[in-house]
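Going by our numbering, the letters in the sequence shown line up with residues 22 to 447, in that order.
All residues carry an ideal CB built from backbone N, CA and C; glycine is no exception.
Structure, as structure tokens:
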Amino acid sequence: MIHNLKQHSGFIRNVGTMLSGVFVARVVSFLAAPIIARLFSPEDFGTAATFAMLIFLAGPLSTMMYENAMILESDDQKAICIGLLACTILVGFLCFFTLMMITYDILFFKVRVLEDLGNWKYVLIWGVLLFGTAKILHSWNVRTKQFKSIAGADIGQTLSMVSFRICAGIVHGSSVTGLVFGYLIGIAAKIIIIIKNVNKTLLHSVMNIEKKNYFHIAKEYKEFPLYMTPLRLVKVLSDNLPIMLLAFMYSPEIVGYFAITNRLVRVPADIAQKSVGQTYFQKASEIFNSGKAIKSSLIKTTFGLAVLGMPIFLLVVFFGKVIFTTLLGTNWETAGHYVQILSPWFFTLLLKAPAASVMTIVRKQNVLFFVNLIFLTLKSFVFAAAYLFDFTAEDTLLWYMFFSAFEETFIIFTGLIFSKNKPVRP
């Protein structure tokens, strides 16, 4: 009983540490948004957003998601070997990516997305390198419970990015350079902060890894490249689907309204994902590896998120338009209306983080992948129907919200079902 209480109190402390870091980072980003929005033009924002989106799309492929297996593995030596595998894949991907960019320049056909980026497409490789490195180091710190380091890194990343963008905007005015370099500098700051807190014995352990285990471990955790990587790709596509298709169907103004709504109101869900979700992943992995089911911890964590998120949900539902108009100005009143439409989706998104972690822990990434793929297809049909039958932007977002909220709810209940599983011992 005492041991369980200590475990629970430790989990609460870890959540608190992660929550404080993510909360401060999101608050800084939230407060800086009105300032940055007034310093940079929508066109420059669009180019920078495309740059970041392509890095997000490349992110899962750059490591094949093996960094998540480091958290799940109970043996330290095997976990280090998994980390080395992720680093090797990252280097290989960067070489392939560079070759593809060289090949692209000599081809006759061009891709509009890359052409819109201009010369910034050549900077993508550095963004992927930084992004992949940050993911690997982050996962190692989650495994070793360096939650203070992670919290500090989140704050440092946001402060560096926001500070650079504001300074660049004041000094040089609106430019893609200020936005893109602010983004890259933020990731670099995160890497520096995390790597300073990596265990000093790690290098010695790396040098003594048994190379014969390398490929064996890659095969042992093959579900990460086979299912987790496509799952993450589908998730990134799903998250960016509205922006891509709204730009095709409606005016840039509509896209801007959705983009600012999505960015600001997803703050609670991001906090849950990067604090509660990751600390819960570590705790639930320990419970599962000890031979116990994790249903009870999943229910408690999800219920706790619902209690915390309900006041925010109600506030947005009833006062979203007033809040956005006050925060961003009268030009953004329509964005406040959009946030009221999308609020049920944002609430279910907040609750999903622990259930998604459970699906990884019990090795059911394949189920999660097919669920996401099915709902991505359904949401694509929503936009196709909206285009064919000339829906208004509000009607399109309403149907998109319905299927998105249903998807998150379905994942929550699926995670609850599989949380009854226990590990199969060889």
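> By a C-beta neighbour count over all protein chains shown, 10 Å radius and 16 as the cutoff for buried, is L82 buried or exposed?
Replying inline: Answer is buried; the Cβ neighbour count reaches 16.
> Distance, Cα to Cα, Q20 vs M270?
Replying inline: Because the chain here runs from 22 to 447, residue 20 falls outside it and cannot be looked at.
>> Using CA atoms only, rank isn't needed, just tell me which of I206, V149, G436, L266 is closest to D175.
In response: It is I206.
> Can you check whether the CB of T154 is closer than 8 Å to the CB of I92?
Replying inline: No, the Cβ-Cβ distance between I92 and T154 is not below 8 Å.
> Between which two residues does the alpha helix (DSSP H) harbouring M422 extend?
Replying inline: Membership of M422 in the alpha helix (DSSP H) is indicated by the continuous run 414–439.
> DSSP on K243, reduced to helix/strand/coil?
Replying inline: Residue state, collapsed to three classes: coil.
> If we ignore side chains and look at the alpha-carbon of each, how far apart do L60 and A53 end up?
Replying inline: Rounded to whole angstroms, L60 and A53 show a C-alpha spacing of 11 Å.
> Under a three-way DSSP split, which group does T300 fall into?
Replying inline: Of the three classes helix, strand and coil, the one that applies to T300 here is helix, per DSSP.
> What distance in whole Å lies between the Cβ atoms of L138 and T71, which are believed to be in contact at a cut-off of 8 Å?
Replying inline: Yes, T71 and L138 are in contact; Cβ-Cβ is about 6 Å, under 8 Å.
> So what does DSSP say about I110, is it helix, strand or coil?
Replying inline: Here I110 sits in helix by DSSP.
>> Please report the straight-line C-alpha distance between L397 and V192, rounded to a whole angstrom.
In response: Near 42 Å, if we compare the C-alpha coordinates of V192 and L397.
> When DSSP labels each residue in this structure, what does R384 get in the three-state scheme?
Replying inline: In the three-state reduction of the DSSP assignment, R384 falls in the coil class, being assigned neither a helical nor a strand state.
> By a C-beta neighbour count over all protein chains shown, 10 Å radius and 16 as the cutoff for buried, is L75 buried or exposed?
Replying inline: L75 sits buried, since 16 or more C-beta atoms from the chains shown fall within 10 Å of its C-beta.
> Terminal residues of the continuous alpha helix (DSSP H) containing K313?
Replying inline: K313 -> no alpha helix (DSSP H), and no H or E assigned at all.
> Which residues in the same chain as Y87 place their Cβ atom closer than 6 Å to its Cβ, once the five residues preceding and following it in sequence are excluded?
Replying inline: Result list for Y87: I103, L106, A107, F245, in chain order.
> What are the boundary residues of the alpha helix (DSSP H) that includes G190?
Replying inline: 168–193 is the span of the alpha helix (DSSP H), which, as asked, contains G190.
>> Determine whether the beta carbon atoms of V257 and L394 lie at a separation below 8 Å.
In response: No.
> Which word fits I127, buried or exposed, when buried means at least 16 other C-beta atoms lie within 10 angstroms of its C-beta?
Replying inline: Counting other Cβ atoms within 10 Å of its Cβ, I127 stays below 16 and is therefore classed as exposed.
> Where does K142 fall in DSSP's three states?
Replying inline: Three-state DSSP puts K142 in a helix.
> Of the residues D411, C188, V383, which one's Cα is nearest the Cα of G203?
Replying inline: Restricting attention to D411, C188, V383, the CA atom closest to the CA of G203 is found in C188.
> Quick one, which of F434, Q386, F424 has its alpha-carbon nearest S16's?
Replying inline: Only positions 22 to 447 of the chain appear in this structure, which leaves residue 16 out of reach.
>> Less than 8 Å between the C-beta atoms of Q178 and A46, yes or no?
In response: Against a cut-off of 8 Å, the Cβ pair of A46 and Q178 comes out as a contact.
>> Assuming contact is defined by CB atoms lying nearer than 8 Å, are T369 and A426 in contact in what I supplied?
In response: Yes, these two residues count as a Cβ contact at 8 Å.
>> Quick check on H237: buried or exposed, where buried means 16 or more other Cβ atoms within 10 Å of its Cβ?
In response: When all chains shown are included, H237 counts as exposed.
>> Taking contact to mean 3 or more Cβ pairs, one atom from each stretch, closer than 8 Å, check whether the region 426–438 and the region 371–385 are in contact.
In response: Touching, yes, given that three or more Cβ pairs across the two stretches are closer than 8 Å.
>> Quick check on the burial criterion: 16 or more other C-beta atoms within 10 angstroms. Buried or exposed for G113?
In response: Exposed, because fewer than 16 other Cβ atoms sit within 10 Å of the Cβ of G113.
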